Amino acid sequence: MEKKALKSPALNQNRAPLYEAVVAYAKKRKVSFHTPGHKHGSAIPAAFRRFAGDAVFDMDLTLLAEVDSLHDPISVIRDAQTLAAQAYGADAAFFLVNGSTAGNQTMILATCRPGDQVIIPRNCHQSVLSGVLLAGCEPVFMRPEVNPELGIYTNVTVGEVELALRRCPKAKAVLVTSPTYHGIAADVKRIAKMVHAHGIPLLVDEAHGPHFKFHSELPRSAMDCGADLCVQSTHKILAGMTQASLLLVRSKNIDLSRVSRMLKILTTTSPSYILMSSIDMARRQMALEGSRLLSRALRLARKAREEINDIAGLRCFGREVIGLAGIHDLDETKLTVAVGGLGMSGYEVALILNKRFNIQVEYADLFSVFLLVSFGNTDYEIRKLRDAFRYVAHKAAGRRKRPAPFRWGLPAFQPRPAMNPRKALFSGTQRLPTQKAIGRIAAESMAPYPPGIPLIVPGERITKEAIDYLLMVKDAGARIQGPQDASLKTIKVVTDLRDKA
Numbered sequence: 049m050e051k052k053a054l055k056s057p058a059l060n061q062n063r064a065p066l067y068e069a070v071v072a073y074a075k076k077r078k079v080s081f082h083t084p085g086h087k088h089g090s091a092i093p094a095a096f097r098r099f100a101g102d103a104v105f106d107m108d109l110t111l112l113a114e115v116d117s118l119h120d121p122i123s124v125i126r127d128a129q130t131l132a133a134q135a136y137g138a139d140a141a142f143f144l145v146n147g148s149t150a151g152n153q154t155m156i157l158a159t160c161r162p163g164d165q166v167i168i169p170r171n172c173h174q175s176v177l178s179g180v181l182l183a184g185c186e187p188v189f190m191r192p193e194v195n196p197e198l199g200i201y202t203n204v205t206v207g208e209v210e211l212a213l214r215r216c217p218k219a220k221a222v223l224v225t226s227p228t229y230h231g232i233a234a235d236v237k238r239i240a241k242m243v244h245a246h247g248i249p250l251l252v253d254e255a256h257g258p259h260f261k262f263h264s265e266l267p268r269s270a271m272d273c274g275a276d277l278c279v280q281s282t283h284k285i286l287a288g289m290t291q292a293s294l295l296l297v298r299s300k301n302i303d304l305s306r307v308s309r310m311l312k313i314l315t316t317t318s319p320s321y322i323l324m325s326s327i328d329m330a331r332r333q334m335a336l337e338g339s340r341l342l343s344r345a346l347r348l349a350r351k352a353r354e355e356i357n358d359i360a361g362l363r364c365f366g367r368e369v370i371g372l373a374g375i376h377d378l379d380e381t382k383l384t385v386a387v388g389g390l391g392m393s394g395y396e397v398a399l400i401l402n403k404r405f406n407i408q409v410e411y412a413d414l415f416s417v418f419l420l421v422s423f424g425n426t427d428y429e430i431r432k433l434r435d436a437f438r439y440v441a442h443k444a445a446g447r448r449k450r451p452a453p454f455r456w457g458l459p460a461f462q463p464r465p466a467m468n469p470r471k472a473l474f475s476g477t478q479r480l481p482t483q484k485a486i487g488r489i490a491a492e493s494m495a496p497y498p499p500g501i502p503l504i505v506p507g508e509r510i511t512k513e514a515i516d517y518l519l520m521v522k523d524a525g526a527r528i529q530g531p532q533d534a535s536l537k538t539i540k541v542v543t544d545l546r547d548k549a
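Throughout the sequence shown, residue numbering follows the working numbering, covering 49 to 549 in sequence.
Rendered as structure tokens:
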């Protein structure tokens, strides 16, 4: 029997329908003969409950009439998603409870079929590539710009997108990452216009830009720039809990029913009402107070950037880089602090900040430490960060500089596709000593994490440059995600060449 949608009171951005329903249900303290088994927390180990508190377990609900169903929303989840779509200027919004990973995979699956071509940046997040593997489509890689002075990949240019569209006139979609982990935004508006002129949709991995919509001094949001599908991590800058994200849709060029079907395949049938409630409340917070709160975050970030740049040996780039290749705009709440002038790697600096000053950075690499500032930070924390960097710079002043690691630069992304990534993943494989794997077709991905950008992906020929860089960053302290052999002494390669495309 078809479920009937329930009539809701008038919706406005002051409401948080799902959160309100979850709290109202929790207060009833009903006798539970349903999952979860902890029964409103009564079965939770005492130490865990003392630390976590009581209310969180009352909010940990399952599919109940009073709190709706994520897979078939007819009341409060439907209303909460409608309010999110309105707040972000989309035609529809879907709550994601396993992060933007599921959103990126859904975007690919909703627009591409097996054998289709999809144009993506080579420095995309690994979840985009996993979407390609699931869909069985053919990735056509765009090369991001590289800025040797800043020591980072920037973004794809309009010209690079245009070149990819000319090379692949039968592509079914284009995906761009904007902003990058470093806060660098692409010219999404011009890219969208160009992609639409070819009759295909633009997908945007905007995981790091959920706040753009709500402040005039931030880059324009993907939805405002004409994107058709867009993923945002509500938990990265806003006040959502970890794994809380949104998938936003403009329906003109997108089949909404197909998006919904693919998302159901990828989403648990037991979604967390705690996470979904946090998405609902984070949206309300932004709709009502976003400009004020983000002004605070920008003020703190600008203060930190200015004080860091006053310390010898450190550089934190700002808006002066806008206009350089691949840098259309910049999110100033992201701080990339280059530490090469200290003769130290980012890994070394991050370790000192963590162990001596109890400061945890977002991530580090050979050249930099990366920090994320939100309206949850304080002036005291910015002063503590400044003092910690001053300490590190003072200690480094007397040490012998070690420039060798900084001569390497970033490995250029020069894709050498040899077979379909999905075929490579499921082909016959063998494990070879790492150096002997050079020139062979990879059967697994390898990505320094964070940020999770694979240097080797299934279906590509393995290059010496990629191997040398992975070994170097691993020795320097990076974690490498993807390979079965975490030591990188061996790599899995394709042996069944009958599947070669």
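Quick reminder that beta carbons are idealized off the backbone N, C-alpha and C, glycines included. Please read these numbers as outputs of a predicted model, since none were measured by experiment.
Residue environment: L295 is assigned as buried (16 or more neighbouring CB atoms within 10 Å of its CB, all protein chains considered). Of all alpha-carbon atoms in I501, P465 and N203, the one lying nearest the alpha-carbon of A491 is that of P465.
Within the stretch 477–545, complete beta strand (DSSP E) segments of at least 3 residues are found at 477–481, 495–497, 527–529 and 538–542, given in chain order. G374 is positioned such that its CB atom lies no closer than 7 Å to that of E508.
One alpha carbon belongs to S320, the other to P84, and they sit about 11 Å apart.
When secondary structure is reduced to three states using DSSP, F143 falls in the strand class. Looking at the backbone, the Cα of T282 and that of C172 are separated by about 19 Å.
According to DSSP, residue pairing for Y201 in a beta bridge involves V194. Under the 8 Å Cβ criterion, the stretch 173–181 counts as touching the stretch 488–502, having at least three qualifying pairs. For L420, the secondary structure class from DSSP, reduced to helix, strand or coil, is strand. Residue state for L294 is assigned as strand, using DSSP reduced to three classes. In this structure, DSSP gives P258 a state outside helix and strand, which the three-state scheme calls coil. Our two residues, R306 and L223, have alpha carbons roughly 18 Å apart in a direct line. Taking the Cα positions, P267 is about 20 Å away from G207.
In the three-state reduction of the DSSP assignment, A233 falls in the strand class, which pools E and B. Excluding its 5 nearest sequence neighbours in each direction, I248 has C-beta neighbours in its own chain below 7 Å: A219, K220, A221 and V222, listed in chain order. Annotation: N60 to E197 spans about 48 Å, alpha carbon to alpha carbon. As computed with DSSP, D116 is found in a beta bridge with L112. The C-alpha of R347 lies about 37 Å from the C-alpha of G179. In this structure, P498 keeps its C-beta atom at 7 Å or more from the C-beta atom of A526.
Within the model, the alpha-carbon separation for R438 versus I359 is close to 7 Å. With a cutoff of 7 Å on beta-carbon distance, C278 and M271 are scored as near each other. Separation of A141 and G487 (C-alpha to C-alpha, rounded to the nearest whole angstrom) is 44 Å. Here H230 is buried, its C-beta having at least 16 other C-beta atoms within 10 Å. Rounded to the nearest angstrom, the gap between the Cα atoms of G163 and G476 is 20 Å.
In the DSSP secondary-structure assignment, T384 is bridged to F418. Cβ-Cβ separation between D276 and I302: approximately 5 Å, consistent with a contact (criterion under 8 Å). Counting C-beta atoms within 10 angstroms of its own C-beta, H259 has 16 or more neighbours from the protein chains shown and is therefore classed as buried. With respect to the 7 Å criterion, S422 and A345 are classified as neighbours on the basis of their beta carbons.
Under the three-state reduction of DSSP, V252 is assigned to strand. A straight line joining the alpha-carbon of A330 with that of P217 spans about 40 Å.
Per the DSSP secondary-structure output, C172 pairs with nothing in a beta bridge. Taking a C-beta distance under 7 Å as the contact criterion, A436 and L401 qualify as a contact pair. For the 7 Å CB-CB criterion, T228 and N195 do not form a contact.
DSSP places V222 in no alpha helix (DSSP H) but in the uninterrupted beta strand (DSSP E) bounded by A221 to T225. Taking 7 Å as the cut-off, the beta carbon of A135 is found no closer than this to the beta carbon of A445.
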